[in-house]
Amino acid sequence: MPMSTAHLPILSAISGFLLLATGQAASADMLKPFKDELFSNQTVIESHDNGAFQTIDYQEMRDINGRDQIPEKRVKPAYVDTGLRWKAQEDETLQLGDRKVDVTRIGPASKQAFTVIFIHGRGGDRRLGSNDYTFGGNFNRLKNLAYRNGGTYYAPSVKGFDSNGVADIAALIRYSYEQSGGKPVILTCASMGSFICWGITRDAESVKRLKGMAILSGVTDPDFTKSAFYKAKLPLWFTHGSKDPVYAAADQQALFEKLYKAHYPTRFTLFETGNHGTPVRMTDWRKVLNWIVDPQAS
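Those letters in the sequence shown? Residues -28 to -1, 1 to 270, per mature numbering (1 follows the signal peptide of the UniProt record, and there is no 0), in order.
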């Protein structure tokens, strides 16, 4: 019996539509790929909460010794592109009202498509978040992801992790928001810098200007659910090392689970056997930032 082919044009049209829709979804990402083959190919060894929580395989011999030319000091050349240092990077002191903030800026000073701000931990300054070669080149990738997609990246020096430090970063958030014409501002904080993030969550004016936050190896805030940030349901991504001796991963995991059960937009990446500095080296910035901008896309 001959087989009818009348349905083939319909199937072809449906297939074409699905391919187009998939392509449009992929192209909708705020950040396009940059060295994804080196930074994004991470093995998930455990996942739960519908993929919101993932445990990533981390091995020091592979992810430090195999990646760095000089372990923990200089990454291999393949992991970096330093061209933007000469054409798009500036050290400057911003006068923000009655406050002065030292920053390294990568990207335009105004009309940027988005802004990412990284807050260092104790003993750091703006040089940590702008160093191309340490932490496996991950800051170089972050800088390139911002610049190549029309955004601006700020690495400020935080003078203290108290209310004055919070006020400085609140001023930088306001400045970035106004300079960009109201485009997304994403705050990211590592280690003790997380005190700044948690402080900002209580500042309603800053929260109005934020798109979301990422906290790497941070301290846990037991009162986060009382904050303006929580009430606004802004996206929050945690990354942590399972063997962090400074801030226990279990504490941050407990907060994540509480938020997830409350249907809050949150994600958690745990690096198995990872130490305190592991998330700064291993966080997949493209994945994290794209999700913060559009949590519904994933």
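Backbone N, C-alpha and C fix where the C-beta goes; we use that ideal spot for every residue, glycine too.
C-alpha distance - residue i paired with residue j, whole-angstrom precision
i           : j      : result
Leu159      : Met33  : 31 Å
residue 272 : Ser199 : Residue 272 lies beyond the stretch modelled for the chain, which goes from -28 to 270, so this question has no answer here.
Lys180      : Arg174 : 11 Å
Asp21       : Gly96  : 35 Å
Ile168      : Val130 : 9 Å
Phe201      : Ala234 : 15 Å
Gly153      : Ser178 : 15 Å
Thr250      : Ile28  : 11 Å
Pro217      : His248 : 7 Å
Phe243      : Gln14  : 10 Å
Leu10       : Gln41  : 15 Å
Asp35       : Gly108 : 8 Å
Ser148      : Val88  : 9 Å
Ala60       : Thr211 : 28 Å
Met185      : Ala162 : 11 Å
Trp209      : Leu227 : 12 Å
Nearest-angstrom beta carbon gap, residue j and residue i [assumed within contact, 8 Å]
i      : j      : result
Leu114 : Tyr126 : Not a contact, Cβ separation roughly 11 Å.
Gln84  : Gly123 : 5 Å
Lys215 : Gly171 : About 27 Å; that fails the 8 Å criterion.
Thr255 : Asn110 : 7 Å
Gln31  : Thr241 : Incorrect: roughly 16 Å between the Cβ atoms, too far for contact.
Beta-bridge partners of residue i, as assigned by DSSP
i      : result
Cys169 : Cys169 pairs with nothing; no bridge assigned.
Ala186 : Thr160 and Trp209
Pro43  : Beta-bridge pairing links Pro43 to no other residue.
Glu18  : Thr27
Glu62  : Arg77
Contact set for residue i: own chain, Cβ-Cβ below 8 Å, skip 5 residues either direction
i      : result
Lys183 : Phe86, Pro156, Val157, Ile158, Leu206, Pro207, Ile264 and Val265
Thr54  : Asp104 and Asn112
Thr106 : Glu44, Lys45, Arg46, Val47 and Leu100
Asp8   : Arg258
Contacting residues, own chain, Cβ-Cβ under 7 Å from residue i (five flanking each side not counted)
i      : result
Leu3   : Leu117, Asn121, Arg258, Leu261 and Asn262
Ser166 : Ile187, Gly190 and Val191
Beta-carbon proximity list for residue i, same chain, < 6 Å, skipping 5 on both sides
i      : result
Val73  : Leu66, Pro128, Asp140 and Leu144
Ala269 : none
Asp63  : Thr76
Residue i: CB within 7 Å of a non-hydrogen atom of the ligand ATP
i     : result
Pro43 : Summarising the ligand content, the structure contains no ligands, and the ligand ATP is consequently not present.
Problem set entry | Within the segment 202 to 263, ranges of the alpha helix (DSSP H) (whole runs, at least 4 residues) | 221 to 233 and 250 to 254
For this session: Identify every run of the beta strand (DSSP E) within the segment 64 to 130, keeping only runs that are complete inside it and at least 3 residues long; order them along the chain.
Result: 71 to 78, 87 to 91 and 124 to 128
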